[in-house]
Every structure is written in C-alpha cells, then in structure tokens.
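Asker: Take a look at this one; I'll ask things after.
In structure tokens form, the structure reads like this:
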C-alpha cells in the first residue's frame with residue numbers, strides 16, 4: 003500500500019485523502035487493541051482492515067507500470083513490507099522463539115507462510131497465535147493478492163487485463179476453495195491456513211479497490227456514485243445462494259455487509275471529494291504516512307499488556323501511555339526503518355566496504 007511516490011498532478015487530491023484514510027484505519031485498529039477491553043469490544047478493528055485492503059487494491063492499479071517487470075514489481079512489494087515487518091516485530095519473534103523453540107513455527111512467522119491446518123498443528127507449538135505478531139495476518143492476505151496480481155502481469159503486462167485476471171482468479175479460487183476444502187466459518191486472523199485465506203470473503207475488498215480505481219479514471223467521476231461497488235458483494239452473495247461451488251460462512255457475510263461495504267463506500271466517496279484541510283486532517287494524514295509502522299509496533303505493546311492481566315484501575319492509564327508511545331515511536335520506526343531503501347542501503351554499505359579496503363574497481 004505504498005503511496006509515497008511522485009504522483010501526477012491530477013491525482014494529488016485523491017492520494018492526499020487516501021493517506022488520511024490510512025491514518026484513520028490505523029487509528030481504529032490501534033484503539034481496538036490498546037483501549038480497555040470494555041471500550042475496545044465496541045471498536046470494530048476489522049473496519050480498519052477493510053480500508054487497508056481496499057486501498058491496497060486501489061493503489062496497485064493506480065501505480066501500475068506496464069514497463070515494470072513482474073519480478074521487479076513483486077520484489078518492490080516484498081522490500082516494502084518484509085524488512086520493516088521483521089525488524090519491528092523482532093521482540094515478538096524472539097519471545098515466540100523462546101516459548102516454542104519450533105523451527106517450523108519460526109519459518110511460518112519469519113516468511114509469513116500460511117499453514118496447512120493450524121487448528122490441528124498448534125498443539126505441538128505451545129503457543130496460541132499462528133504467527134508471532136498477531137496483526138501480521140493481514141500481510142499474508144496482502145501477499146496472496148500480490149501473488150495473483152504478479153501472475154496476471156506475467157501473463158500480460160496490461161493494466162486492464164491484470165484487473166480482470168486478478169478479480170476472476172480471486173473469486174474462482176474462493177469458490178473452489180470453499181467447495182473442496184470447506185470454510186472454517188471464522189474471520190481472517192484465526193487460523194491462517196492456505197484454504198482459510200483463499201476462501202475468505204474479505205479478499206473481495208482488493209477487487210473493490212481495483213474496481214473503484216478504474217471507475218475513478220473517468221473524467222465524469224464526480225457524477226458517479228460509490229454505491230456501484232455494491233454490485234460486487236451482492237453478486238458474490240447471490241453466487242453463494244445459487245451455486246453449489248460456494249459455502250461461505252455467515253460470519254464472513256456479516257463482515258462483508260457491515261464492515262467491508264461501508265468502508266468501500268466511505269473510502270470511495272472520500273477519494274472523489276475535495277481535499278480535506280485543517281489541523282486535524284493534517285495530523286491524521288501524517289499518521290497515515292507512518293501507519294504501517296504504527297500498525298506493526300502497537301501490536302508489540304498490545305501483546306505485552308495482554309500478558310500483564312491488568313487490574314481495571316490500571317487499564318486507562320496504561321492505554322493512554324501505550325497509545326502515546328505507539329504514535330511517537332512509530333514516527334521514528336518509519337523514518338529509520340520503514341522508509342529505508344534496503345537495496346540502496348546494501349549497495350552503499352558494499353561501496354563503503356570496498357573503499358575502505360582500497361578497491362577501485
């Protein structure tokens with residue numbers, strides 16, 4: 003979901019507003035994890051995730067380059083996500099290593115590999131979460147989307163083709179996965195098996211984001227309405243009712259209707275509205291800039307707090323301190339970790355090494 007690129011003048015308004023959406027999404031997730039349980043249970047963190055997935059689909063088409071090789075595209079996405087994920091999640095990864103000492107578990111955590119069947123395998127790992135950083139489950143869905151998107155680019159590096167290919171592939175795999183492997187009836191973060199990811203209805207948010215980006219290119223977009231996005235989920239639900247190939251759980255349909263769809267309409271409407279101005283929006287925009295670091299780091303604090311089993315009288319002070327720390331530290335994590343170009347860093351380090359050793363060639 004990287005949008006720190008030079009943007010065409012005509013799209014600056016949309017990108018600015020969408021960066022605000024990223025900030026809102028991150029703050030919703032942070033509040034849902036760090037506020038006291040009595041309050042947090044009423045904050046739907048899944049709403050923030052729906053926004054992130056919609057934005058991811060939107061940005062993938064917006065930043066599409068036909069001249070970019072599929073491998074180069076995938077490498078950029080990997081370097082955008084993985085180094086920061088590993089470094090920021092390191093405390094949780096090390097804690098998990100001490101607790102489970104399982105090489106298999108660490109491989110799944112480090113490489114963000116889905117499980118074959120977590121519910122059956124988890125008893126041997128002495129740990130309850132399928133990955134060390136609990137919020138990183140969304141990254142597995144992101145990588146799944148990127149893999150399909152890259153495959154489309156490999157077949158034909160044309161934006162419209164990749165859109166249709168990715169959309170059809172996601173829906174087809176979802177239907178087949180539900181039919182042959184079943185549906186665990188849970189939301190995305192629970193099991194993280196291959197079939198749980200491929201069969202989950204939240205993948206439709208990627209399609210919705212791509213669809214809206216194509217619709218937004220029309221010069222008469224101001225006359226369009228984001229309600230058109232309703233055609234996507236309603237078609238999926240209709241397919242579920244009339245086709246034996248799907249077996250989507252009620253939980254996922256509820257999530258689609260009351261989390262995904264409202265988020266799509268909200269983000270789509272914001273993308274076509276006038277640029278939001280004012281001190282509050284500027285602050286949220288700044289938060290959107292480092293939202294990925296915030297998303298990962300707040301989970302470290304949330305995991306620690308969860309292990310403390312705080313008495314009610316300490317919940318609010320700890321919540322306020324942890325939210326403040328998350329926002330403050332994430333700025334520096336973004337500056338010194340997330341925004342660092344790993345390839346350039348390695349090249350520069352290698353050049354300095356050669357210079358120090360007296361090499362000239």
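In this note's numbering, the protein residues as written are 3 to 363. Every residue, glycine too, gets a C-beta built ideally from N, C-alpha and C. None of the values given here were measured: they were computed from a predicted structure.
With DSSP as the reference, label residue 196 as helix, strand or coil.
Answerer: helix
Asker: Can you name the start and end residues of the alpha helix (DSSP H) that residue 191 belongs to?
Answerer: Per DSSP, residue 191 belongs to no alpha helix (DSSP H) and is neither H nor E.
Asker: Determine contact between the segment 112-129 and the segment 174-181, defined as no fewer than three beta-carbon pairs at a distance below 8 Å.
Answerer: no
Asker: So, under 8 Å CB-CB, residue 307 and residue 324 are touching, yes? Tell me the CB distance rounded to an integer number of Å.
Answerer: 6 Å
Asker: Compare the Cα-Cα distances from residue 260 to each of 58, 83, 203 and 113 and report the closest residue.
Answerer: 203
Asker: For residue 130, count neighbouring C-beta atoms within 10 Å of its own C-beta (all shown protein chains included) and say buried if the count is 16 or more, exposed if not.
Answerer: exposed
Asker: I'd like to confirm the pairing. Which residues does DSSP put opposite residue 117 in its beta bridges?
Answerer: 195
Asker: Kindly confirm or deny that the segment 91-105 and the segment 126-142 touch, where touching means at least three C-beta pairs closer than 8 Å.
Answerer: Contact between the segment 91-105 and the segment 126-142 is present, because at least three Cβ pairs lie under 8 Å.
Asker: By how many angstroms is the C-alpha of residue 127 removed from the C-alpha of residue 282?
Answerer: 45 Å
Asker: Should residue 41 be labelled buried (16 or more other beta-carbon atoms within 10 Å of its own) or exposed?
Answerer: exposed
Asker: Which residues in the same chain have their Cβ closer than 8 Å to the Cβ of residue 246, if we skip the five residues on either side of it in sequence?
Answerer: Unreliable positioning characterises residue 246 in this predicted model, as indicated by a pLDDT of 47, which lies under 50. The coordinate reading is nonetheless provided below. 181, listed in sequence order.
Asker: Around the Cβ of residue 334, are there at least 16 other Cβ atoms within 10 angstroms (buried) or fewer (exposed)?
Answerer: exposed
Asker: Just the Cα atoms here: how many angstroms apart are residue 76 and residue 36?
Answerer: 33 Å
Asker: Ignore the nearest five residues each way along the sequence and tell me which others in residue 27's own chain have a CB closer than 6 Å to its CB.
Answerer: So the qualifying residues of the chain are 50, 53 and 54.
Asker: Within 10 angstroms of the Cβ of residue 186, are there 16 or more other Cβ atoms? Answer buried if so, exposed if not.
Answerer: buried
Asker: DSSP state of residue 182, grouped into three classes?
Answerer: helix
Asker: Please look up how many angstroms separate the CB atoms of residue 147 and residue 190, rounded, as I've assumed it's under 8 Å.
Answerer: Taking C-beta atoms under 8 Å as the contact rule, residue 147 and residue 190 fail to qualify, at a distance of about 12 Å.
Asker: Could you name the residues of the same chain whose beta carbon sits closer than 6 Å to that of residue 33, not counting the 5 residues immediately before and after it, in chain order?
Answerer: 45
Asker: Do you know offhand how far residue 165's Cα is from residue 209's?
Answerer: Going by the C-alpha atoms only, they are around 8 Å apart.
Asker: Let's see if you can read the secondary structure: which residues bound the alpha helix (DSSP H) around residue 285?
Answerer: 281-291
Asker: How about residue 23 and residue 57: are their beta carbons less than 8 Å apart?
Answerer: yes
Asker: Start and end of the alpha helix (DSSP H) containing residue 89?
Answerer: 72-90
Asker: If I measure Cβ to Cβ from residue 29 and keep anything under 6 Å in the same chain, skipping five residues before and after, which residues do I get?
Answerer: none
Asker: Relative to the C-alpha of residue 113, which candidate in 311, 138, 100 and 217 has its C-alpha closest?
Answerer: 138
Asker: Quick check on DSSP: helix, strand or coil for residue 18?
Answerer: The answer is helix: DSSP assigns residue 18 an H, G or I state.
Asker: State the DSSP-derived secondary structure class of residue 336, mapped to helix, strand or coil.
Answerer: helix
Asker: How would you label residue 211, buried or exposed, when you count the other beta carbons within 10 angstroms and need 16 or more for buried?
Answerer: buried
Asker: Starting from residue 218, trace the alpha helix (DSSP H) both ways and give me its first and last residue.
Answerer: 206-218
Asker: What runs of the alpha helix (DSSP H), each 4 residues or longer, lie entirely inside the segment 95-172?
Answerer: 105-113, 120-123 and 139-157
Asker: Under a Cβ-count criterion, where at least 16 other Cβ atoms within 10 Å of its own Cβ denotes burial, should residue 304 be classed as buried or exposed?
Answerer: buried
Asker: Tell me which residues share the same chain as residue 332 and place their Cβ nearer than 6 Å to its Cβ, disregarding the 5 neighbours each side in the sequence.
Answerer: 292, 295, 296 and 299
Asker: Is it the case that the Cβ atoms of residue 38 and residue 321 are separated by a distance below 8 Å?
Answerer: yes
Asker: If you draw a straight line from the C-alpha of residue 81 to the C-alpha of residue 342, how long is it?
Answerer: Distance between residue 81 and residue 342, taken at the CA atoms: about 10 Å.
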